[in-house]
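Numbering (the working numbering), first residue to last: 71 to 450.
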């Protein structure tokens, strides 16, 4: 693969020259870094805070890693950037991104030159810190130094742009990747789909799906579920069902996430019967339902006053080995009380207690309201 054309450099970094000066001032000292991040409302992690992310096997916490870093920079001769990448890569896994930016600046001042991997780590850190502009600046610096960014580097930036709802810029970067010979993988396309879905522009989302297919990428269950969720949230339920049929024809088996999106959409539009059909389809296809899927349907039936349907769903839930939680019991108790079925509501409270689920203030408030409504009806 040849070097990227200058037109792509300009497009990729979005006039990064204006940001490059910001990057130099941003990374001039660890104090400057902290000040600018704090100004963005980002609270820097204390060096004494234990790493809460995925930890590297070599370190118990970030303190251990930073002590090792301080020992490493005292070595003579100075270790190569490769050794620092291993160490700082471990700190990235602990999610101490600000520390990593600071330490890279420190070794830079000590004369250690960056490589493509260290700059990719920096781009990731800036994106995680919400500073995609600085990440793009590092990309510009990489290109000026003659480094070839990897597809992962571009994926990180595209994800960062999507997270900041800069969808047009993300699309431009994706186009630039493909024009320059980089082949985005399915993960990148799924990131883009997720970003496009956030805009609510369903037409654009579906067009992007077809673009993926035209480029030889067969959408997976993640891509389809993402689009189905977008269609359902925008009330395009028939289009969602059509896409579900398309999945099945292609041999892509819907999963619990797929069905949950559809069931939620149907319930929100008052189509509980269709939601029930989808639920039964899940059961017939031996797809394990989770409590979230059941809760969506039970809440919808209760909202419509169809308490018998809600109870049937609870029975089906139990048969599948999923036990209702206190929130769902409260929904049933409240629905029965509102329908004047207080004795049935009390029966659910007894069932809760027998199953070791402690009623809470919401449970008792529902019962009190139910008795009050019953007394008012009796008085009338």
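C-beta atoms are modelled at their ideal positions from N, C-alpha and C, and glycine is treated no differently.
Whole-angstrom Cβ separation of residue 369 and residue 401, contact assumed at under 8 angstroms? Taking the first residue of the chain shown as 1, we reach residue 369 at position 299. Taking the first residue of the chain shown as 1, we reach residue 401 at position 331. 6 angstroms between Cβ atoms; contact.
With the cut-off set at 9 angstroms, would you say residue 297 and residue 307 are in Cβ contact? As a first step, residue 297 is located in the chain shown; it is residue number 227 there, counting from the start. As a first step, residue 307 is located in the chain shown; it is residue number 237 there, counting from the start. No; because the gap between Cβ atoms is not below 9 angstroms, this pair is not in contact.
At the level of alpha carbons, what is the spacing between residue 354 and residue 390? Residue mapping note: residue 354 aligns to position 284 of the chain shown, counting from 1. Residue mapping note: residue 390 aligns to position 320 of the chain shown, counting from 1. Distance between the alpha carbons of residue 354 and residue 390: 12 angstroms.
I need the straight-line Cα distance from residue 406 to residue 328, nearest angstrom please. For the purposes of this step, residue 406 is taken as the residue at position 336 of the chain shown. For the purposes of this step, residue 328 is taken as the residue at position 258 of the chain shown. When rounded, the distance between both Cα atoms is 31 angstroms.
Which runs of the alpha helix (DSSP H) fall wholly inside the stretch 224-283 and span at least 4 residues, in chain order? 237-249 and 256-269
Determine the burial state of residue 202: buried for a count of at least 16 other Cβ atoms within 10 Å of its Cβ, exposed for fewer. Indexing the chain shown from 1 puts residue 202 at position 132. Buried, since its Cβ has 16 or more Cβ neighbours within 10 Å.
Look at residue 422 and residue 377 and say whether their C-beta atoms are less than 9 angstroms apart. Translated into the one-based positions of the chain shown, residue 422 becomes position 352. Translated into the one-based positions of the chain shown, residue 377 becomes position 307. Cβ atoms of residue 422 and residue 377: not closer than 9 angstroms.
CA nearest to the CA of residue 221, picked from 208, 240, 152 and 254: Looking up residue 221 in the chain shown gives position 151. Cα-wise, what sits closest to residue 221 is 254.
Three-state secondary structure (DSSP) at residue 323? For this step, residue 323 is matched to residue 253 along the chain shown. Residue 323 falls in the coil class under three-state DSSP.
I believe residue 330 touches residue 366 by the beta-carbon criterion, under 8 angstroms. Please report the beta-carbon distance rounded to the nearest angstrom. As a working note, residue 330 is residue 260 in the chain shown. As a working note, residue 366 is residue 296 in the chain shown. Their Cβ separation, rounded to whole angstroms, is 7 angstroms, which keeps residue 330 and residue 366 in contact under 8 angstroms.
Between the stretch 229-239 and the stretch 195-215, can you find at least three pairs of beta-carbon atoms closer than 8 angstroms? yes
Rounded to whole angstroms, what's the CA-CA distance from residue 187 to residue 360? Just pull it up for me. By one-based count along the chain shown, residue 187 stands at place 117. By one-based count along the chain shown, residue 360 stands at place 290. When rounded, the distance between both Cα atoms is 41 angstroms.
Roughly how many whole angstroms lie between the Cα atoms of residue 153 and residue 227? Working through the chain shown from its first residue, we reach residue 153 at position 83. Working through the chain shown from its first residue, we reach residue 227 at position 157. The alpha-carbon atoms of residue 153 and residue 227 are separated by roughly 25 angstroms.
Quick check on DSSP: helix, strand or coil for residue 285? In the chain shown, counting from the first residue as 1, residue 285 sits at position 215. Three-state DSSP puts residue 285 in coil, outside helix and strand.
When the Cα atoms are used, what is the spatial distance from residue 431 to residue 438? Residue numbering aside, residue 431 sits at position 361 when the chain shown is read from its first letter. Residue numbering aside, residue 438 sits at position 368 when the chain shown is read from its first letter. So the alpha carbons of these two residues sit roughly 10 angstroms apart.
Which class does residue 201 belong to by DSSP, given the choice of helix, strand or coil? Stepping through the chain shown from its first residue, residue 201 is reached at position 131. Looking at residue 201 - three-state DSSP - the assignment turns out to be coil, as it is neither helix nor strand.
Please confirm whether residue 380 and residue 403 have their CB atoms less than 9 angstroms apart. Here residue 380 refers to the residue found at position 310 when the chain shown is read from its first residue. Here residue 403 refers to the residue found at position 333 when the chain shown is read from its first residue. Cβ distance not < 9 angstroms, so residue 380 and residue 403 don't count as in contact.
Under three-state DSSP, which class holds residue 402? Position 332 of the chain shown, counted from the start, is the residue given in the question as residue 402. Helix, per DSSP.
Whole beta strand (DSSP E) elements within the stretch 327-369, 3-residue minimum: none
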